[in-house]
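The next block holds one structure in the form of structure tokens; read it before the comments.
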Amino acid sequence: MGLGYDAQGNLTNKNGQAYSFTLGNQLRSVVGKQWYAYDGYGRRVIACGSGACNYQLYSQADASTPITSIWRVASWQRGRALRRAARKR
Numbered sequence: 000m001g002l003g004y005d006a007q008g009n010l011t012n013k014n015g016q017a018y019s020f021t022l023g024n025q026l027r028s029v030v031g032k033q034w035y036a037y038d039g040y041g042r043r044v045i046a047c048g049s050g051a052c053n054y055q056l057y058s059q060a061d062a063s064t065p066i067t068s069i070w071r072v073a074s075w076q077r078g079r080a081l082r083r084a085a086r087k088r
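With numbering that gives the first Met the number 0, letter number 47 in the sequence shown gets 46, and the count goes up by one each step, no holes.
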């Protein structure tokens with residue numbers, strides 16, 4: 000139990016839950032639970048966990064605020080997709 004940090008001061012462990020970060024100090028994953036991806040501007044564009052992914056799209060006019068968010072869910076069994084759902088917000 001306790002807290003762990005890397006050389007850049009990022010939280011890498013909290014009470015047994017591990018976290019990983021990119022070289023740019025962006026959260027890459029909550030190990031075993033969720034992972035994230037970023038675009039070339041450092042904006043989070045994908046967050047995936049528990050069988051669902053949320054994709055965020057940005058406009059060039061207002062690059063700091065997502066213009067839409069799309070999530071996808073898939074159920075898998077033995078490597079085959081059983082069902083999929085998607086929605087645009």
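Note that beta-carbon positions come from the ideal geometry of N, C-alpha and C, so glycine has one too.
*Should Y40 be labelled buried (16 or more other beta-carbon atoms within 10 Å of its own) or exposed?*
exposed
*asked:* In the DSSP assignment, the beta strand (DSSP E) including G3 goes from what residue to what residue?
replied: L2 to Y4
_Straight-line gap, V44 to G1 (C-alpha atoms, nearest Å)_ = 31 Å
*Per DSSP, Q16 is paired with what?*
K13
*Roughly how many whole angstroms lie between the Cα atoms of G31 and C47?*
11 Å
*On the premise that Y35 lies in contact with R27, defined as a C-beta separation below 8 Å, what is that separation, rounded to the nearest angstrom?*
6 Å
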